[in-house]
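Chains as they are written, first to last, in my numbering: chain U, 1 to 138; chain S, 1001 to 1137.
Even for Gly, the Cβ is constructed at its ideal location relative to N, Cα and C.
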Amino acid sequence: MSANLRILVIDDMAVMRKIVVKQLETMGYKNIETAENGKDALQKILDGVKNNSPVQFIVSDWNMPEMSGLELLKALRSKKPLADIPFLMVTAEGEKDQIMAAIQAGVTNYIVKPFSPATFKEKMDLVLKKVGLPPTPA
Amino acid sequence: MDKEIFQDFVNESEQTLAQAKILLGKYVASPVDVKVLSDVGILVDRVYGTAATLKVESMSALCHKMKAISYMAAQVDNRILNSIVAGTMLSVLDYLLDLVKTNALLTYDKNIHSQMVQRLDILSSKFSSDLRKTVAS
Ligand SMILES: [Mg+2]
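If you want it as structure tokens, here you go:
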């Protein structure tokens, strides 16, 4: 079951999406979708609810055109059926103000770029544990 | 490093930095809209994050500094300073695009690179320390 966790990876750089997806595949995940900004992601999240294949985990970049990671987080946390989706925010640097804003908006956890595959896996497991989901499969 | 990922990174960085150059050119031609500068910030930040993840230091160090400078410049709207910002960033972007075109991202000349770093550091120091704190530069 945990390998089928539906994960949405959001980043405005295509190669960064590819890197994150590859790392998730190495952790054993098989059900991964991508979006290139918050707006695109929100549409995919809403479509998922409609099509009965809801997004169950979000890994999102912060800085993106159209709609940032923080704006997406705020939009989700205010919508009842979407408010509980675990949200791992990827920020470019450990800026205290940014991180505080994300925590206030209800981020589940955050990771600072650049990160190693091992750190990413650790963060994934922390978030999964916090929300009561099984750990990364591989 | 994964060869396919590296080649994707090279291609996408080239496109993204070329886009940043176009925006800066627009700003130089008509320095009225400072939002253009924060759009440049988004573009160089995009390259920075991936360059840092892939440990392409020639690219990550300079993009990181340009990101901070463009966000600061977008906040102050000082035309004289911002025209120097645009000019300096255009030459750093040319340098980076040249590294891409000559396949020298991993074998770059350390001296030229540190001159570029210095130019951006001097530029960054022209902004107030309060402003520098907001972008963690
Ligand atoms: Mg980004």
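Discussion item. Under 7 Å, CB to CB, which of the residues in the stretch 1031-1053 of chain S have a partner in chain U?
Written reply: Ile1042, Asp1045, Arg1046, Tyr1048, Gly1049, Thr1050, Ala1052 and Thr1053
Worksheet entry | The alpha helix (DSSP H) enclosing Leu85 (chain U), as first and last residue numbers | Along the first sequence, one-based indexing puts residue 85 (chain U) at 85. Note on residue identity: the sequence assigns Ile, not Leu, to residue 85 (chain U). Neither: Ile85 (chain U) is in no alpha helix (DSSP H) and is coded neither H nor E.
Worksheet item: Taking Cβ-Cβ distances below 7 Å as the criterion, which residues of the stretch 8-19 of chain U are in contact with chain S?
Response: Asp12, Met13, Ala14, Val15, Met16, Lys18 and Ile19
Practice prompt. Using a Cβ-Cβ cut-off of less than 8 Å, list which residues of the stretch 100-133 of chain U approach chain S; keep chain order.
Written response: Lys113, Pro114 and Phe115
Worksheet entry | Nearest residue (CA-CA) to Gln23 (chain U), options U:Lys74, U:Ser68, U:Lys121 and U:Pro135 | The residue you call residue 23 (chain U) lines up with position 23 of the first sequence. Residue U:Lys121 is the option with its Cα nearest to Gln23 (chain U).
Practice prompt. Determine, using beta carbons only, whether Leu1131 (chain S) and Met1089 (chain S) come nearer to each other than 8 Å.
Written response: As a working note, residue 1131 (chain S) is residue 131 in the second sequence. As a working note, residue 1089 (chain S) is residue 89 in the second sequence. Against a cut-off of 8 Å, the Cβ pair of Met1089 (chain S) and Leu1131 (chain S) comes out as no contact.
Worksheet item: For Ile7 (chain U), is the classification buried or exposed, using 16 other Cβ atoms within 10 angstroms of its Cβ as the cut-off for buried?
Response: In the first sequence, the residue the question calls residue 7 (chain U) occupies position 7. So Ile7 (chain U) counts as buried.
Worksheet entry | Residue closest to Leu70 (chain U), alpha-carbon to alpha-carbon, out of U:Phe87, U:Pro54 and U:Val112 | Taking the first sequence and counting its residues from 1, one reaches residue 70 (chain U) at position 70. Closest option to Leu70 (chain U), Cα to Cα, is U:Phe87.
Fill in: Cβ-Cβ distance between Leu82 (chain U) and Leu76 (chain U) below 8 Å
For the purposes of this step, residue 82 (chain U) is taken as residue 82 along the first sequence, with counting starting at 1. For the purposes of this step, residue 76 (chain U) is taken as residue 76 along the first sequence, with counting starting at 1. Closer than 8 Å, so yes.
Discussion item. Quick check on Gly1049 (chain S): buried or exposed, where buried means 16 or more other Cβ atoms within 10 Å of its Cβ?
Written reply: Your numbering for residue 1049 (chain S) matches position 49 in the second sequence. Buried: at least 16 other Cβ atoms inside 10 Å.
Item to complete: Have a look at Thr136 (chain U) and Pro117 (chain U) and give me their C-alpha separation to the nearest angstrom.
Response: Counting from 1 along the first sequence, the entry for residue 136 (chain U) is found at position 136. Counting from 1 along the first sequence, the entry for residue 117 (chain U) is found at position 117. The straight-line gap from Cα to Cα measures roughly 13 Å.
Item to complete: Determine whether the Cβ of Ile1022 (chain S) lies closer than 8 Å to any Cβ atom of chain U.
Response: For the purposes of this step, residue 1022 (chain S) is identified with residue 22 of the second sequence, where counting begins at 1. For Ile1022 (chain S), the answer is no, since every Cβ of chain U falls outside 8 Å of its Cβ.
Discussion item. With DSSP as the reference, identify every bridge partner of Glu36 (chain U), one or two as the case may be.
Written reply: By 1-based counting over the first sequence, the position of residue 36 (chain U) is 36. Paired residues: none, contrary to the question.
Item to complete: Have a look at Ser1038 (chain S) and Arg1046 (chain S) and give me their C-alpha separation to the nearest angstrom.
Response: Residue 1038 (chain S) sits at position 38 when you count from the first residue of the second sequence. Residue 1046 (chain S) sits at position 46 when you count from the first residue of the second sequence. Cα-Cα distance, rounded: 12 Å.
Worksheet item: Near Lys25 (chain U), which residues of its chain fall below 8 Å by C-beta distance, leaving aside the five closest residues on each side in sequence?
Response: Locating residue 25 (chain U) in the first sequence gives position 25, where the first residue counts as 1. One detail in the question is off: residue 25 (chain U) reads as Glu in this sequence, not Lys. For Glu25 (chain U), where only same-chain residues beyond five positions count, the Cβ hits under 8 Å are Ile32.
Item to complete: Check the Cβ of Asn63 (chain U) against every Cβ in chain S and list those closer than 9 Å, keeping chain order.
Response: Taking the first sequence and counting its residues from 1, one reaches residue 63 (chain U) at position 63. In chain order: Gly1041, Ile1042, Asp1045, Arg1046, Gly1049 and Lys1067.
Worksheet item: From Lys1126 (chain S) to Met16 (chain U), what distance separates their C-alpha atoms?
Response: Translated into the one-based positions of the second sequence, residue 1126 (chain S) becomes position 126. Translated into the one-based positions of the first sequence, residue 16 (chain U) becomes position 16. Cα to Cα, the separation comes out at about 32 Å.
Worksheet item: Within 10 angstroms of its Cβ, does Thr1053 (chain S) collect 16 or more other Cβ (buried), or is it exposed?
Response: On the second sequence, residue 1053 (chain S) is found 53 positions in, with the first residue counted as 1. When all chains shown are included, Thr1053 (chain S) counts as buried.
Discussion item. Quick check: does the Cβ of Arg1046 (chain S) come within less than 7 Å of any heavy atom belonging to ligand 1?
Written reply: In the second sequence, counting from the first residue as 1, residue 1046 (chain S) sits at position 46. Yes; taking the cut-off as 7 Å, the Cβ of Arg1046 (chain S) has a heavy atom of ligand 1 nearer than that.
Item to complete: For Ala41 (chain U), decide whether its Cβ has a neighbour in chain B, counting only Cβ atoms nearer than 8 Å.
Response: Among the protein chains of the structure shown, namely U and S, there is no chain B.
Worksheet item: Regarding Asn1066 (chain S) and ligand 1, is the C-beta to nearest heavy atom distance less than 7 Å?
Response: Counting from 1 along the second sequence, the entry for residue 1066 (chain S) is found at position 66. The question names Asn, but residue 1066 (chain S) in the sequence shown is Met. Flag unset: Cβ of Met1066 (chain S) not near ligand 1.
Discussion item. Below 7 Å, is the gap between the Cβ of Met64 (chain U) and the nearest heavy atom of ligand 1?
Written reply: Here residue 64 (chain U) refers to the residue found at position 64 of the first sequence. Yes; taking the cut-off as 7 Å, the Cβ of Met64 (chain U) has a heavy atom of ligand 1 nearer than that.
Worksheet item: Given that a residue counts as buried once 16 or more other Cβ atoms are within 10 Å of its Cβ, and exposed if not, what is Ile45 (chain U)?
Response: What you label residue 45 (chain U) is simply residue 45 of the first sequence in a count that begins at 1. Looking at its Cβ environment, which holds 16 or more other Cβ atoms inside 10 Å, Ile45 (chain U) is buried.
Discussion item. With a threshold of 7 Å on Cβ separation, who are the neighbours of Gln1019 (chain S) within its own chain once the five nearest residues in sequence on each side are excluded?
Written reply: In the second sequence, counting from the first residue as 1, residue 1019 (chain S) sits at position 19. These residues qualify, in order along the chain: Leu1043.
Discussion item. Can you list, in chain order, the residues of its chain with a C-beta nearer than 8 Å to that of Ser1083 (chain S)? Leave out the 5 residues immediately preceding and following it.
Written reply: Start at 1 with the first residue of the second sequence, and residue 1083 (chain S) comes out as number 83. Result list for Ser1083 (chain S): Val1028 and Pro1031, in chain order.
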